[in-house]
Amino acid sequence: MNHGPAPQLRPERLAELLDGAVRHVTARPDALDRIHSGVRRRRAVHRAGALALTVAVLAGGAATALAVASGRGPSGPGAPTAAAARQRATVGPTPAATMAYDAGAYNAGAPALALAPGSVAVTTVTQSGRSGTWDIDQATRSATVTIVPVGDPETTFSFLLVVRPTRLGTQTVKFTATSLLDMPPNGPVIVGVADAAHDGRQELFVQVDRGCCTEFWTVFRLVSGHVRQMTMSGQPVRLPVGGSVMAGGGFSCDGPDLAVYGYQPGNTADTFLATRDAYRWVGAALVLVSHQQTTIRGTTADPELAKYSGVSCANLSPAQGEL
Amino acid sequence: MIESPDQQDLDDFAALYVGHYEQLLRLAVLLVGDLAAAEDIVQEAFIRVHRTLESRPLHSPLAYLRQAVVNLARSELRRRLVRMRHAPRPMPDAASAEEGACAAISRQEVIVALRRIGARQREAVVLRYWADLPEAEIAELMGVSVGAVKGYISRGLSRLGLLLEAS
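If you're matching them up, the sequences are chains A and B in order.
So that you can map any letter, position 210 of the first sequence is 234 in this note's numbering, and since no number is skipped, the others follow by simple counting.
So that you can map any letter, position 36 of the second sequence is 1500 in this note's numbering, and since no number is skipped, the others follow by simple counting.
Next comes the structure, spelled out in structure tokens:
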């Protein structure tokens, strides 16, 4: 029987077939979380024994050390695989390693994706824009903070804040901001850091939206070693800064609480309605503790109105002028 | 297919993930033929890179990832072979391992054909015609000579041609 010459498969045709077979394959939404889950588990394995005491000293909390040393992290001879991370991710969102290291964590905010055993403080950010450095321990170590667009960099509303400490691993926090096309030329912008909560650590402020006259800033904070996006009423923080002739807003961190204020036209032509809300820093949440509202009679030039606009918080200033 | 790495982006693990996870996942699907195993492989590769980056910089994280994916795919196929040899014979009406979420991928003719050629031929063909890598890079990745890569590609193409025509 004569089979004849083998049929020629053109390379271009094969490339088309291969591409067609996997074109629809996409990443699961939780793929990055699962990768980090695997990283966390392995780190816990490495550190569970020898570092338990170190963690206790660094964190200043016996509960943390007990959690690690008592086997709440993974045990056994081998590090768990990505398959194990995947399986666990489908069961529940609370990895053992996170529980161990994050015993004092609060509930709100986007997931933090890496571990920082021990107490970490943030001191300075040295530049604004899409990346900067962030000292994490008041001494010599600094972290690089970068904003990475997810998907098409021009049009995406999804971004990652990547904090890469030199020693403590990479932390990644997802957040939403106006796209680069809508907020040219930079999209979200790192405004700076300030010790807004007056606890010796500094918060990172990022501009996530900007109109003609008003910017909106969000806040990231280190909570139990994890970088988290602050929330208000369960939603990511959006602090209005600046305003137009007839309305304005801003915030102050001069007092113990974060004061968020603003004004808008009142019921009559010569009045403005001004509000001042005080928020307490509770972990990754800003909790409303007081609300004041007052009517100011006057014109837009009234100096009283100026008290309800702008930023008064360390060296922070609106990013708009820099763009 | 897999874009040239932007070195600045690759300095950043998240950028590495955003830029290359999906393409590496597709590469793994082509190498092992099913989605679930491919996901495990690529996640494992990223976990390894993450761990490595914590201790030392990587000259080319993307190349490291590709290498890890290829090696892990080989290990997965070896494990499968062992499982097949030692697994109890399934009942006649038992569902095959391919059933499930990834069945659609597994049933595609080209995926089926890829399974039926040699592992080295499959790697070479996929890396050449899907990942669009030069032969020298494929040789380095596979740990063989450029001549061997050419041979794998040539034989792989012929065999795939036969299989696809037959199907």
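Using N, Cα and C, we set each Cβ at its ideal position, and we do this for glycine too.
Given the structure is predicted, the values throughout are model-derived calculations rather than measurements.
Burial state of residue i (16 or more Cβ within 10 Å)
i: Ala121(A); result: Reliability of the predicted coordinates at Ala121(A) is poor, the pLDDT of 20 falling under 50, and no value is obtained from them.
i: Thr292(A); result: exposed
i: Gly286(A); result: buried
i: Gln226(A); result: buried
i: Leu205(A); result: exposed
i: Glu178(A); result: exposed
i: Ser333(A); result: buried
i: Glu1503(B); result: buried
i: Asp281(A); result: buried
i: Gly1611(B); result: exposed
i: Ser61(A); result: buried
i: Met1606(B); result: buried
i: Asp1498(B); result: buried
i: His1484(B); result: buried
i: Gly224(A); result: exposed
i: Leu312(A); result: exposed
i: Gly175(A); result: exposed
i: His1514(B); result: buried
i: Gln195(A); result: buried
Among the options, the one whose alpha carbon lies nearest that of residue i
i: Gly272(A); options: Asp281(A), His250(A) and Cys236(A); result: Cys236(A)
i: Ile1505(B); options: Arg1584(B), Trp1594(B), Ile1602(B) and Gln1487(B); result: Gln1487(B)
i: Gly290(A); options: Gln317(A), Leu282(A), Val311(A) and Cys337(A); result: Gln317(A)
i: Ile1575(B); options: Val1493(B), Leu1621(B), Arg1547(B) and Leu1605(B); result: Val1493(B)
i: Glu328(A); options: Thr295(A), Leu38(A) and Leu228(A); result: Thr295(A)
i: Met207(A); options: Gln231(A), Leu56(A) and Val243(A); result: Gln231(A)
i: Ser268(A); options: Thr324(A), Gly224(A), Thr202(A) and Thr255(A); result: Thr324(A)
i: Gly322(A); options: Leu312(A), Leu297(A) and Ile214(A); result: Leu297(A)
i: Glu36(A); options: Gly1625(B), Tyr1593(B) and Glu1629(B); result: Tyr1593(B)
i: Arg47(A); options: His1523(B), Pro1521(B), Ile1602(B) and Ala1595(B); result: Ala1595(B)
Whole-angstrom C-beta distance between residue j and residue i, which should lie under 8 Å
i: Val335(A); j: Gly279(A); result: Going by Cβ atoms, the distance from Val335(A) to Gly279(A) rounds to 14 Å, so no, they are not a contact pair.
i: Ala309(A); j: Asp219(A); result: Not quite, the Cβ-Cβ distance comes to about 18 Å (not below 8 Å), so this is no contact.
i: Ala1532(B); j: Ala1509(B); result: 4 Å
i: Lys1637(B); j: Glu1604(B); result: The structure shown does not extend to residue 1637(B), since chain B is modelled only from 1465 through 1631, so no value can be given for it.
Cβ-Cβ distance between residue i and residue j below 9 Å
i: Ala1478(B); j: Thr170(A); result: yes
i: Arg262(A); j: Asp233(A); result: yes
i: Tyr1528(B); j: Ile59(A); result: no
i: Leu1627(B); j: Ile1581(B); result: yes
i: Val197(A); j: Val187(A); result: yes
i: Val243(A); j: Pro264(A); result: no
i: Gln1572(B); j: Tyr1616(B); result: no
i: Asp326(A); j: His315(A); result: no
i: Glu1587(B); j: Leu1489(B); result: no
i: Ser1622(B); j: Leu33(A); result: yes
i: Leu1597(B); j: Leu38(A); result: no
Residue i: contacting residues in chain A (beta-carbon distance under 9 Å)
i: Val1493(B); result: Ala45, Val46 and Val49
i: Tyr1485(B); result: Ala51, Ala55, Leu56 and Ile59
Listed by chain order, chain B residues near residue i by CB distance under 7 Å
i: Arg58(A); result: Gln1507
i: Pro264(A); result: Near Pro264(A) there are no residues of chain B at all, since even the closest Cβ is about 28 Å away, more than 7 Å.
i: Gln253(A); result: The contacting residues do not exist; Gln253(A) stays about 15 Å from chain B at best.
i: Ala201(A); result: The premise fails here: Ala201(A) is roughly 15 Å from chain B at the closest Cβ pair, so nothing lies under 7 Å.
i: Val174(A); result: Val1482
Closer than 8 Å at the beta carbon, the chain B residues around residue i
i: Leu184(A); result: Ala1478 and Val1482
i: Pro53(A); result: Chain B residues near Pro53(A): none, gap ~12 Å exceeds 8 Å.
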